[in-house]
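Chains E, U and L are the protein sequences, given in the same order. 869 is the number of the first residue of the first sequence in the numbering used here; add one for each residue after it. 36 is the number of the first residue of the second sequence in the numbering used here; add one for each residue after it. 11 is the number of the first residue of the third sequence in the numbering used here; add one for each residue after it. Using N, Cα and C, we set each Cβ at its ideal position, and we do this for glycine too. Beneath this line is the structure, given in structure tokens, with notes to follow.
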Amino acid sequence: MIKGIALGVAGLAAALTTALPVTAQEAVKIGLILPMTGPFASTGRQVSAGAKAYMAAKGDTVAGKKIELVIRDDGGVADQTRRIAQELVVNDGAKVLAGFGLTPLAMAVAPVATQAKIPTVVMAAGTAAITKASPFITRTSGTLPQYSMPVGTWASQNGIKKVVTLVSDYGPGIDAEKWFSKEFKAKGGEVVEAVRVPLQNPDFAPFLQRVRDAKPDAVFVFLPSGVGALFMKQFSDRGLPEAGIKLIATGDVTDDDILNSMGKPAIGTITGHFYATAHESPENKAYVEVFKKVNNDMRPNFMSVGGYDGMALIYNALEKTKGDATGPAFMEAVKGLSWTSPRGPVSIDPDTRDIIQNIYIREVKDVGGELQNVEIQTFANLKDPEKAEAK
Amino acid sequence: MLTILFDGIAYGMLLFILACGLTVTLGLMNFINLAHGAFAMAGGYITVVLMNRYGISFYWCLPASFLVTAILGLVLERTLYQWLYKADHLDQVLFSIGIVFMSVAGADYFMGGQQQLINLPPELSGRMDVLGVGIGRYRLFTVVVCSLLAIALQLILSKTRFGSRLRAAVDDRRVAMGLGINVPLVFALTFAFGSGLAGLGGAMGAEILGLDPNFPLKFMIYFLIVVSVGGTSTVSGPFLAAMLLGIADVAGKYYVPAIGPFVIYALMIVMLILRPNGLFSRGIGR
Amino acid sequence: MSLVEQEDAGALATTDAATDSRAARLMKRRSRIRLYEVAIWIAVIAAYFVLPSKMLILTEIAILALFAVSLDLVLGFAGIVSLGHAAFFGLGAYVAGLLALHFVAEPVTGLVVAGLITGLLGFLTSFLILRGSDLTRLMTTLGIGLMMAELANQMAWLTGGADGLSGFSLNPIFGVFEFDLFGKTGYVYCLVVLFLGVMIMRRIAFSPFGLSLKAIKSNAMRAGMIAVPARKRIVTAYTIAAVFAGVAGALLAQTTSFVSPDVLAFHRSADVLMVLTIGGTGYLYGGIFGAILFTLVKDALSIVTPQYWMFWIGLILVVLVLVGRERLNRWVDYLPKRMAGREDDR
Chain E
869 MIKGIALGVA GLAAALTTAL PVTAQEAVKI GLILPMTGPF ASTGRQVSAG AKAYMAAKGD
929 TVAGKKIELV IRDDGGVADQ TRRIAQELVV NDGAKVLAGF GLTPLAMAVA PVATQAKIPT
989 VVMAAGTAAI TKASPFITRT SGTLPQYSMP VGTWASQNGI KKVVTLVSDY GPGIDAEKWF
1049 SKEFKAKGGE VVEAVRVPLQ NPDFAPFLQR VRDAKPDAVF VFLPSGVGAL FMKQFSDRGL
1109 PEAGIKLIAT GDVTDDDILN SMGKPAIGTI TGHFYATAHE SPENKAYVEV FKKVNNDMRP
1169 NFMSVGGYDG MALIYNALEK TKGDATGPAF MEAVKGLSWT SPRGPVSIDP DTRDIIQNIY
1229 IREVKDVGGE LQNVEIQTFA NLKDPEKAEA K
Chain U
36 MLTILFDGIA YGMLLFILAC GLTVTLGLMN FINLAHGAFA MAGGYITVVL MNRYGISFYW
96 CLPASFLVTA ILGLVLERTL YQWLYKADHL DQVLFSIGIV FMSVAGADYF MGGQQQLINL
156 PPELSGRMDV LGVGIGRYRL FTVVVCSLLA IALQLILSKT RFGSRLRAAV DDRRVAMGLG
216 INVPLVFALT FAFGSGLAGL GGAMGAEILG LDPNFPLKFM IYFLIVVSVG GTSTVSGPFL
276 AAMLLGIADV AGKYYVPAIG PFVIYALMIV MLILRPNGLF SRGIGR
Chain L
11 MSLVEQEDAG ALATTDAATD SRAARLMKRR SRIRLYEVAI WIAVIAAYFV LPSKMLILTE
71 IAILALFAVS LDLVLGFAGI VSLGHAAFFG LGAYVAGLLA LHFVAEPVTG LVVAGLITGL
131 LGFLTSFLIL RGSDLTRLMT TLGIGLMMAE LANQMAWLTG GADGLSGFSL NPIFGVFEFD
191 LFGKTGYVYC LVVLFLGVMI MRRIAFSPFG LSLKAIKSNA MRAGMIAVPA RKRIVTAYTI
251 AAVFAGVAGA LLAQTTSFVS PDVLAFHRSA DVLMVLTIGG TGYLYGGIFG AILFTLVKDA
311 LSIVTPQYWM FWIGLILVVL VLVGRERLNR WVDYLPKRMA GREDDR
């Protein structure tokens, strides 16, 4: 009995000590919820590194308010994300939520954002529908339709007639498949086969064989970043390049973080995405420098830019509202905001709160002994096509 | 068609090498070691570090990863595992899951969370055509190495003195000790050997299966499937099971992609219902 | 345990009247409410008033506790090691979510329907686990769990696929209590369900039925000899456990108004097994203690070190096993006899 109570009390005490938020009046707390462990840990790592790089570059005060970043791990599990979000808002007094590595994680938080009127900045997740889930959600990464469609345009303009699509069998993959095919078919191309790969899939052999047997001009691929690298190796091992099949993909496959270790097989791959480490601009040069300094020489990839620009968006919006971080005022300030990001000019669509940005078609080349995504064509100021179409 | 069959065999072989160490610990020593994948991951990382940082040839990395993980296994067996042979299964599961967690976080800390890639020597990459059948060179290499290992394993267990000692120790620990067999030593060596095999499997699998800190968790399920379908009392059982699963998985995904992901699980359940104690069970359930 | 059985068997040989009274006394003694049980319920109710800022994590604990207690019925009583218990949890969550989205947004109805449907799945799959060793059952349940997870991903038109099921909100409970942002209603709601669930399972577990399950667990063959229909009992126990796991899943869906595909994920089955083993099997409250301990430690660690908390959890598990899980979670056994009100068979 006594021990029972003692255990209960000990439990309560443990719970208490973890709470007790230190609330400074002038601080604006930003809750950054990311998968720091689990299969998507590298997303969390890059995004948080990008956010930290921004604060290292621009200081931690804006409009007289101190910015405080609280990083929490959700392990990629949606109900954890939701609980952490709710706790950050209710207990720790977070004024802005940010992060969200995957679509379901962002979706789970949408009701919290709406109910508590908390501005929520999606820094990584890429399904188009997220910003529709709550009027307090905005995004600084990009949507899959946004950067799969231009790949379709490029393919049709560059003599590719027959394509097989190969995507991961989940929301984003299906988005990529849909919008690539739509654009490609509209421009007169033919999609011979649509292959979907289960998310938990160790060996690509059967799918690659299917692609090979269909004898297309090119294969369009969307796979989450780490898996994409493996695919690339097996692609060249199976002799698909020799069979005359070109590899075109979304930029997730040639993720800058690991591109360099992919080696020769990656060279020549065409991808479409919103950011490349090799992007030529003074902003990007400065960014890469700061990023490497703050983060132990890591190479920034597109996720990190999502984190960096997420912070840029928060800083800019706070500047505009003179430090007012309450939901409606903040979101009003966010709409139509524009700035020059390391990836090029970006702005927030006032209608959908989604990002408008350039999409680049890049080719993997060996630049001074390092593999880089080198930009060869730019599609300027693209909106998310899915929401644009819906209107 | 034949290409698919060959791919399936290569994949199955890889599964076998990864899982057969677990067969040894689980079947022979009756220890549910979920941390088996951690040893495989260690082997993979050793290869990556040796190749990418020190430029050592891939061929030398394979024996090196075997040796290092075997030593690692030996150390862990002597310090931790040996206390738990008699503990109940739940304790073993809990303990080995703990080891898995530690290895996952440790790998993340030292190596970072990203996918690790290795560059094979040129003679192992690419593919060749043999009588119209496209065969990946690396897959052929995997098949050859793994079959040799499987044969060697079977011979060691059935023909050598060590093998008979091990089987004696497993069948009746007390009697074996009475006969003067140093059972703890036999177990320790076996455990080390099993871990070494896992390390080798991890090193060879890095090219095809990938390598990141979640490796032990991601592939735990596959190891367990191979071992449970194959049964734990022989080497040939898991070998056939791994082949079957490899071929069924690859062929299933090639011919009926819509239900591809279900094939391997459905096959497992059917096999388990038909042969609850494995393909070649000795008839007595444990 | 076995001692009591022998006594019991011995008693059978003597006169019927004596047997009746002895058996009755034994059953009464087993099912008596212990003081620590009262203490734990007082503590969780007190938590509502003492820790208003911790409602959300307490809700999570309550849901996990119900899930773990339901597993205890199969593992601790019937002795079936399951690595696929999340199949029921997840199905419950999806049923509750879909129900709220398309039909009725009344939470209690959702719970009942979710429980019934998962019970049906439990009943159907229970026939697969009747044969084989621990490992076979482990793998069969695991396989069922993984297939459910894949199914949820494939049936995107119904479940929302990998994006999860969202866009539903629940009506106030009985039309009166609304779910609030602080999670107070949610906690009370989950607590009431947990209490009812545990009481029902307690009634089942400490009845002659529960005793027969324990007999099957210790030795199925001998249990058969004293005319315990092992298969039938296991089917029943597994079905009941499935019902409550489904209810726990439904609670999660209702309190978060979102269902993501990871409700069916493997790690959830593994987590709940871990929670239960930490708390101790075979006395139902192990699930509750385990859930409290596991969630709090995990939460505290993941705040301190978001990236590497897994290492410390792993270390704790390893130490726990090496020190001896038994010694830690059988703390009830070390209470003075009268206080804990326990009898000798545990």
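Counting C-beta neighbours from all protein chains within 10 Å, is the total for residue i 16 or more, i.e. buried, or is it exposed?
i: Y89(U); result: exposed
i: M165(L); result: exposed
i: I154(L); result: buried
i: A103(L); result: buried
i: A34(L); result: exposed
i: F137(L); result: exposed
i: R209(U); result: exposed
i: D164(U); result: exposed
i: F145(U); result: exposed
i: M231(L); result: exposed
i: E1157(E); result: exposed
i: S312(L); result: buried
i: F254(U); result: buried
Work out the CA separation of residue j and residue i for me, nearest whole Å.
i: C55(U); j: A286(U); result: 23 Å
i: F136(U); j: E112(U); result: 18 Å
i: P1210(E); j: F1247(E); result: 16 Å
i: E1058(E); j: K1161(E); result: 47 Å
i: T891(E); j: D960(E); result: Because T891(E) carries a pLDDT of 43, less than 50, the predicted location of this residue cannot be relied on, and the following value inherits that uncertainty. When rounded, the distance between both Cα atoms is 8 Å.
i: G300(L); j: G290(L); result: 7 Å
i: I250(L); j: G125(L); result: 9 Å
i: L81(L); j: F130(U); result: 20 Å
i: V915(E); j: K194(U); result: 56 Å
Excluding five sequence neighbours on each side, which residues of the same chain lie with their C-beta closer than 7 Å to the C-beta of residue i?
i: F77(L); result: F99, A255, A258 and V282
i: T177(U); result: A45, M48, L49 and M239
i: R162(U); result: G169, I170, G171 and R172
i: G1276(E); result: Given that chain E is displayed from residue 869 to residue 1259, the structure contains no residue 1276(E) and the question cannot be resolved.
i: G198(U); result: I191 and L192
If I measure Cβ to Cβ from residue i and keep anything under 6 Å in the same chain, skipping five residues before and after, which residues do I get?
i: E1254(E); result: A996 and P1013
i: P1133(E); result: M1100, K1101 and S1104
i: N1163(E); result: A917
i: A993(E); result: F968, L970, T971 and A974
i: Q954(E); result: V980
i: Y1155(E); result: P1210
i: N1249(E); result: I1224
i: I244(L); result: A88
i: A185(U); result: F274
At a CB distance below 9 Å, what residues from the region 278-295 of chain U approach chain E? Give them in sequence order. G281, D284, V285, A286, G287, K288, Y289, Y290, P292, A293 and G295
Residues of the region 973-989 of chain E with a CB closer than 9 Å to any CB of chain L: list them in chain order, please. L973, M975, A976, V977, A978, P979, V980, Q983 and A984
Do the region 217-228 of chain U and the region 101-111 of chain U make contact, defined as three or more Cβ pairs closer than 8 Å? yes
Contacting positions in the region 218-250 of chain U - beta carbon closer than 8 Å to chain E: E242, I243, L244, G245, D247, P248 and N249
Cβ contact (3+ pairs, closer than 8 Å) linking the region 1236-1248 of chain E and the region 1031-1039 of chain E: no
Three CB pairs or more closer than 8 Å across the region 1191-1204 of chain E and the region 1164-1173 of chain E: no
Please confirm if the region 1003-1020 of chain E is in contact with the region 1046-1053 of chain E, defined as three or more CB-CB distances below 8 Å between the two stretches. yes
Any residues in the region 1008-1031 of chain E with a beta carbon nearer than 9 Å to a beta carbon of chain U? Which ones, in chain order? none
With contact counted as at least three CB pairs below 8 Å, one residue from each stretch, are the region 162-182 of chain L and the region 109-121 of chain L in contact? yes
For the region 300-323 of chain L, which residues have a CB atom closer than 7 Å to at least one CB atom of chain U, in sequence order? Q317, Y318, M320, F321 and I323
Please confirm if the region 1061-1078 of chain E is in contact with the region 1117-1126 of chain E, defined as three or more CB-CB distances below 8 Å between the two stretches. no
For the region 905-934 of chain E, which residues have a beta carbon sitting closer than 7 Å to at least one beta carbon of chain L? T905
Measuring CB atoms only, is the region 257-269 of chain U touching the region 76-90 of chain U, in the sense that at least three cross pairs come out at less than 8 Å? no
Does the region 209-217 of chain L come close enough to the region 996-1006 of chain E to have 3 or more Cβ pairs within less than 8 Å? no
Segment contact, 8 Å Cβ cut-off, at least three pairs: the region 269-284 of chain U with the region 922-935 of chain E: no
Are the region 97-106 of chain U and the region 201-215 of chain U touching, with three or more C-beta to C-beta distances below 8 Å? no
Against chain L, which members of the region 69-97 of chain U pass a CB distance test of less than 8 Å? none
Any residues in the region 127-156 of chain U with a beta carbon nearer than 7 Å to a beta carbon of chain E? Which ones, in chain order? D143, G148, Q149, Q150, L152 and N154
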